[in-house]
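J.:
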Amino acid sequence: MGMYTKESILQLSEEQNVKFIRLQFTDILGTVKNVEIPISQLEKALDNKMMFDGSSIEGFVRIEESDMYLYPDLDTWVIFPWTAEKGGKVARLICDVYGSDLKPFPGDPRSNLKRVLKEMERFGFSNFNLGPEPEFFLFKLDENGDPTLDLNDNGGYFDLAPTDLGENCRRDIVLELEEMGFEIEASHHEEAPGQHEIDFKYADAVKACDQIQTFKLVVKTIARKHGLHATFMPKPLFGVAGSGMHFNMSLFKNGENAFFDENGELKMSETAYQFLAGVLKHAPGFTAITNPTVNSYKRLVPGYEAPCYIAWSAQNRSPLVRIPSSRGLSTRIEVRSVDPTANPYLAMAVLLKAGLSGIEDQLTPPHSVDKNIYNMNKDERMEEGVIDLPSNLHEALEQLKQDEVIKAGLGKHIFENFVEAKEIEWDMFRTQVHPWEREQYMRMY
4 MGMYTKESIL
14 QLSEEQNVKF
24 IRLQFTDILG
34 TVKNVEIPIS
44 QLEKALDNKM
54 MFDGSSIEGF
64 VRIEESDMYL
74 YPDLDTWVIF
84 PWTAEKGGKV
94 ARLICDVYGS
104 DLKPFPGDPR
114 SNLKRVLKEM
124 ERFGFSNFNL
134 GPEPEFFLFK
144 LDENGDPTLD
154 LNDNGGYFDL
164 APTDLGENCR
174 RDIVLELEEM
184 GFEIEASHHE
194 EAPGQHEIDF
204 KYADAVKACD
214 QIQTFKLVVK
224 TIARKHGLHA
234 TFMPKPLFGV
244 AGSGMHFNMS
254 LFKNGENAFF
264 DENGELKMSE
274 TAYQFLAGVL
284 KHAPGFTAIT
294 NPTVNSYKRL
304 VPGYEAPCYI
314 AWSAQNRSPL
324 VRIPSSRGLS
334 TRIEVRSVDP
344 TANPYLAMAV
354 LLKAGLSGIE
364 DQLTPPHSVD
374 KNIYNMNKDE
384 RMEEGVIDLP
394 SNLHEALEQL
404 KQDEVIKAGL
414 GKHIFENFVE
424 AKEIEWDMFR
434 TQVHPWEREQ
444 YMRMY
């Protein structure tokens with residue numbers, strides 16, 4: 004039995020003076036969409052009878068097959084705290100998307116993740132947990148309410164006010180999140196000026212991805228109340244660190260962490276090493292999903308703590324995968340390449356699929372690389388067996404097309420529509436004339 008029932012939601016909405024409900028879902032590119040309904044339609048929505056036009060959503064369906072249904076997940080019911088002053092509150096329910104045949108729509112990222120989780124259960128695992136570490140920048144708004152490139156602080160890593168002028172905004176974000184049921188573990192200024200990180204407690208895969216999408220909405224909403232624009236763009240500024248969203252992942256079986264082994268090397272189980280090996284093997288293939296924008300690859304460069312090489316270590320932070328020191332229930336694998344433009348449902352699906360393939364094929368990871376890879380030249384990296392991540396979106400898409408495991412983790416519909424959309428994005432970038440080119444070449448030639 005879940006936390007909420009149809010009856011309890013109807014009762015709470017009346018008691019709390021809820022006037023509107025947002026039925027939320029996520030498109031293939033990771034954008035949160037919603038159909039807002041008045042309270043009079045809530046019972047219909049709770050009976051899974053609310054329809055919408057799927058042909059208007061990126062990568063969903065053609066116009067002749069456009070009728071789709073929203074199936075609310077009752078446990079995602081939440082009332083937005085900041086709407087209370089409007090005379091009637093706004094609540095939301097996160098939904099799975101179903102086709103007119105009343106079957107889960109294969110282009111719905113949330114339903115697709117559930118499909119891959121069913122495969123995980125066939126391996127005997129009960130839970131796939133995620134602890135995300137999303138980072139973002141705060142920029143000032145101009146007099147028209149549009150974002151500028153002016154930062155609101157000059158703070159650095161873990162700085163306090165008065166250097167960190169984003170502290171009040173960040174604190175309000177944390178308070179709103181906690182009122183919505185988040186368990187916040189840490190909140191601090193990040194390395195770059197204007198950059199922040201808020202970490203929340205790990206949860207099972209679907210709930211964690213729901214929380215990431217909710218987190219982005221709350222951050223942007225509260226930032227605007229402070230006269231600021233929050234962006235999850237991976238690299239909004241040249242010459243400073245970019246924003247990542249590290250994924251801390253662990254598999255559980257019968258309530259026990261399947262990655263932990265008291266007697267194993269580094270106190271990690273054979274399952275953990277096989278999962279790690281699968282992640283490393285398929286890293287070139289999943290990078291287009293974990294780093295899905297042209298701008299993502301401006302972050303994945305040496306010198307700013309973001310990984311650009313495929314390796315792992317329990318000791319340093321330059322490789323793609325780090326093994327944090329905590330053990331027992333906290334034993335986990337941290338994939339450090341993921342950035343906050345990633346669709347979390349797709350990222351979790353392909354990372355899980357990659358790890359399960361390592362378990363299925365009983366793969367062994369290469370030896371750990373415990374020295375700073377950024378200080379190694381190309382020959383030294385080759386000697387250590389370290390290869391590069393794709394360096395741009397085009398390369399990443401070509402690697403994705405060749406990786407049958409990752410394609411299976413997406414399913415045919417999502418794979419084809421994702422690639423089509425991203426190839427258009429790359430071509431628009433490739434053919435655009437950028438300010439840098441004019442600065443370099445207008446006078447010279």
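So the sequence shown is numbered by the numbering used here: it starts at 4 and just counts up by one.
C-beta: ideal position from N, C-alpha, C; glycine also.
Confirm, please, whether the CB-CB distance from G361 to F263 is below 7 Å.
T.: no
J.: Going by CA-CA distance only, name the one from H285, I313 and F140 that's closest to V243.
T.: F140
J.: Taking only three categories from DSSP, how would you classify E136?
T.: strand
J.: Could you check which residue in L120, T79, G247 and P305 has the C-alpha nearest to that of S394?
T.: P305
J.: Helix, strand or coil, according to DSSP, for E186 in the structure here?
T.: coil
J.: Indicate the three-state DSSP secondary structure (helix, strand or coil) for T234 in the structure shown.
T.: strand
J.: Answer yes if the segment 221-231 comes into contact with the segment 171-178, meaning at least three C-beta pairs across the two stretches below 8 Å, and no otherwise.
T.: yes
J.: Which same chain residues end up closer than 8 Å to A48 when comparing Cβ atoms and leaving out the 5 residues on each side of it in sequence?
T.: I24, L26, I40, L73, P75 and L96
J.: Helix, strand or coil, according to DSSP, for R330 in the structure here?
T.: coil
J.: Please confirm whether F55 and M71 have their CB atoms less than 7 Å apart.
T.: yes
J.: Keeping to the same chain, check which residues put their C-beta closer than 7 Å to that of L269; ignore five residues upstream and five downstream.
T.: A317 and I326
J.: Over the uninterrupted alpha helix (DSSP H) stretch that includes C311, give me the two end residues.
T.: That residue, C311, is in no alpha helix (DSSP H); it is neither H nor E in DSSP.
J.: Considering only C-alpha positions, which residue in the set T344, L359 and I42 is nearest to K22?
T.: I42
J.: So the alpha helix (DSSP H) D213 belongs to, where does it begin and stop?
T.: A208 to K228
J.: So, with DSSP's three-state summary, where would you put H397?
T.: helix
J.: In three-state DSSP terms, what is E39?
T.: Strand.
J.: Report the residue ranges of all beta strand (DSSP E) runs contained in full by the segment 252-286; include only those spanning at least 3 residues, in chain order.
T.: none
J.: So, is the C-beta of K381 closer than 7 Å to a C-beta in chain C?
T.: Considering every chain present, this structure includes no chain C. It has just one protein chain.
J.: Is the Cβ-Cβ distance between P347 and I215 less than 7 Å?
T.: yes
J.: Using a threshold of 7 Å, state whether the C-beta atoms of T334 and N251 are closer than that.
T.: no
J.: Below 7 Å between beta carbons: does that hold for G288 and L133?
T.: Cβ distance not < 7 Å, so G288 and L133 don't count as in contact.
J.: Cα separation between F126 and G197?
T.: So the alpha carbons of these two residues sit roughly 44 Å apart.
J.: Report all residues from its chain with a CB closer than 7 Å to the CB of V389; omit the five preceding and five following residues, and keep chain order.
T.: Y312, I313, A314, V372 and I376
J.: Give the single residue among L355, T290 and R433 whose Cα lies nearest to the Cα of F525.
T.: Not covered by the structure: residue 525. The range shown for the chain is 4 to 448.
J.: For M17, report the span of its alpha helix (DSSP H) as first-last.
T.: For the record, residue 17 in the displayed sequence is Glu; it is not Met. Note, E17: alpha helix (DSSP H), K9 to E18.
J.: Would you report the Cα separation of F241 and I417, rounded to the nearest angstrom?
T.: So the alpha carbons of these two residues sit roughly 32 Å apart.
J.: Secondary structure at M445, three-state DSSP: helix, strand or coil?
T.: Coil, per DSSP.
J.: Excluding the 5 residues preceding and the 5 following V100 in the sequence, name in chain order all residues of the same chain whose CB lies nearer than 7 Å to its CB.
T.: F28, M71, L73, F108, D111 and S114
J.: C98 bridges to which residues according to DSSP?
T.: P75
J.: Determine the closest residue to E428 out of K284, S299, E17 and N51, with distance taken between C-alpha atoms.
T.: S299
J.: Leaving out five residues on either side along the sequence, give the residues of the same chain with a beta carbon under 6 Å from the beta carbon of A211.
T.: L133
J.: Considering only residues of the same chain and omitting the five flanking positions on each side of E188, which have a CB-CB separation below 7 Å?
T.: D202, F203 and K204
J.: What residues match up with Q435 in a beta bridge as DSSP calls it?
T.: Per DSSP, none; premise fails for Q435.
J.: When burial is assigned at 16 or more other CB atoms within 10 Å of the CB, is V341 buried or exposed?
T.: Within 10 angstroms of the beta-carbon of V341 lie 16 or more other beta-carbons, which makes it buried.
J.: Do you know whose CA, among F432, R320 and P295, lies nearest P237's CA?
T.: P295
J.: For E363 and E273, I'd like the C-alpha separation in whole angstroms.
T.: Between E363 and E273, the alpha-carbon positions lie close to 12 Å from each other.
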